[in-house]
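S.K.: Converting from the sequence shown to our numbering requires adding 1492 to each position, the first position being numbered 1. Yeah, the Cβ is synthetic: ideal placement off N, Cα and C, and Gly gets one too.
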Amino acid sequence: MNPVRTFPSENSQKFKPKQEEIIMKNLVFIALFAVLTVSVSAKGIIAPDYIVTKTGTYFYEKVKEGFNNALVIKNSEGEKTVIDKNSVLAYKSGGRVFERMPEIKNGKPGNESTLMELIAYKHGIKVYREPAPSFNGRYGYSVHLFKNKDYLMTMSEENRDYVMDFLNSNFKK
């Protein structure tokens, strides 16, 4: 008589996961959890507001105008600092960046400077928006293009499409 050999059934093997499978599933779960946690917390990070002057950079929570062209800034520790408004080279407030650039008069840069809002940067060209009074007393905007600190042009109805095509293009090297 031949002895009968018994083998484990296929079904019994399916329900017993191997140790490597358990470890891999746990690692995948931990990795997904870590990625989701980092992406959710990264959305809460807000870059601080700052003022750049000739003498340094100041991070602030509050700023108000003082007497004699002065700005009074208060940092997160509650310390107050007074700086001259004319010494401001750039600042960031509420996610908007402003930089001191030559004032444009009649399509040419003048000797005076003004703070303009940086609205775009591409291909080494910065696009700034400058408040400009209109004839009805309301304010409009002039849009100027600079490369470094050199004035290139002011955007107008005639050249707007060409400028936007250039800024939206992707150059391949």
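Just to confirm, are GLY1599 and THR1646 a CB contact at a threshold of 8 Å?
M.R.: The answer is yes: Cβ separation under 8 Å.
S.K.: Distance, Cα to Cα, ILE1575 vs GLY1632?
M.R.: 29 Å
S.K.: By the three-class DSSP mapping on this structure, what secondary structure does ASN1721 have?
M.R.: The structure shown does not extend to residue 1721, since the chain is modelled only from 1493 to 1665, so the question has no answer here.
S.K.: With H, G and I counted as helix, E and B as strand and the rest as coil, what does DSSP make of ASN1651?
M.R.: Coil at ASN1651, not helix or strand.
S.K.: Can you have a look at GLU1571 and say buried or exposed, based on whether 16 or more other CB atoms are within 10 angstroms of its CB?
M.R.: Note on GLU1571: under 16 other CB atoms within 10 angstroms of its CB, so exposed under the neighbour-count rule.
S.K.: Does the region 1586–1599 touch the region 1608–1615, meaning 3 or more C-beta pairs lie closer than 8 Å?
M.R.: Flag = yes, the region 1608–1615 and the region 1586–1599 touch.
S.K.: How is the beta strand (DSSP E) around PHE1590 delimited, first residue to last?
M.R.: Unbroken beta strand (DSSP E) run through PHE1590: 1588–1597.
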